[in-house]
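Asks: Our numbering numbers the first residue of the sequence shown as 11 and each following residue consecutively.
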Amino acid sequence: MAGRQAIQKTKDVYGGQLDNVDIWAGGMLETTPDGPGPLFQRIIKNQFRRIRSADRFWFENYRQNRCVRRRCLLID
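(1) Assuming residue 46 and residue 54 form a contact by the criterion Cβ under 8 Å, report the distance between their Cβ atoms to the nearest whole angstrom.
(2) By Cβ distance, which residues of its chain are closer than 6 Å to residue 37, with the 5 residues on each side in sequence left out?
(3) For residue 35, which of 58, 25, 20, 69 has the nearest alpha-carbon?
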């Protein structure tokens, strides 16, 4: 019930337009004791993908690791 009250209060603050809610406030309203809601889950997933794609040492980025692999082969 507390969640519904928070949503109603937020609706009142934003004039009934939940589309105008700040991203932080909206994400916090979706968060449950089990973890982040859909908004924060999507943001976290998106950020992880960007970090992973830009990390040349990530094991799946073998095309970016050519120099690193050659150096490892020389060391071994």
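Don't be surprised by glycine CBs; every beta carbon is placed ideally from N, CA and C.
None of the values given here were measured: they were computed from a predicted structure.
Replies: Based on what the coordinates show:
(1) Counted from its first residue, the sequence shown places residue 46 at position 36. Counted from its first residue, the sequence shown places residue 54 at position 44. Yes, they are in contact, since the Cβ atoms of residue 46 and residue 54 sit about 7 Å apart, within 8 Å.
(2) Within the sequence shown, numbered from 1, the residue matching residue 37 stands at position 27. Answer for residue 37: 49, 50, listed in chain order.
(3) Numbered from its first residue, the sequence shown carries residue 35 at position 25. Checked all of 58, 25, 20, 69; the closest Cα to residue 35 is 20.
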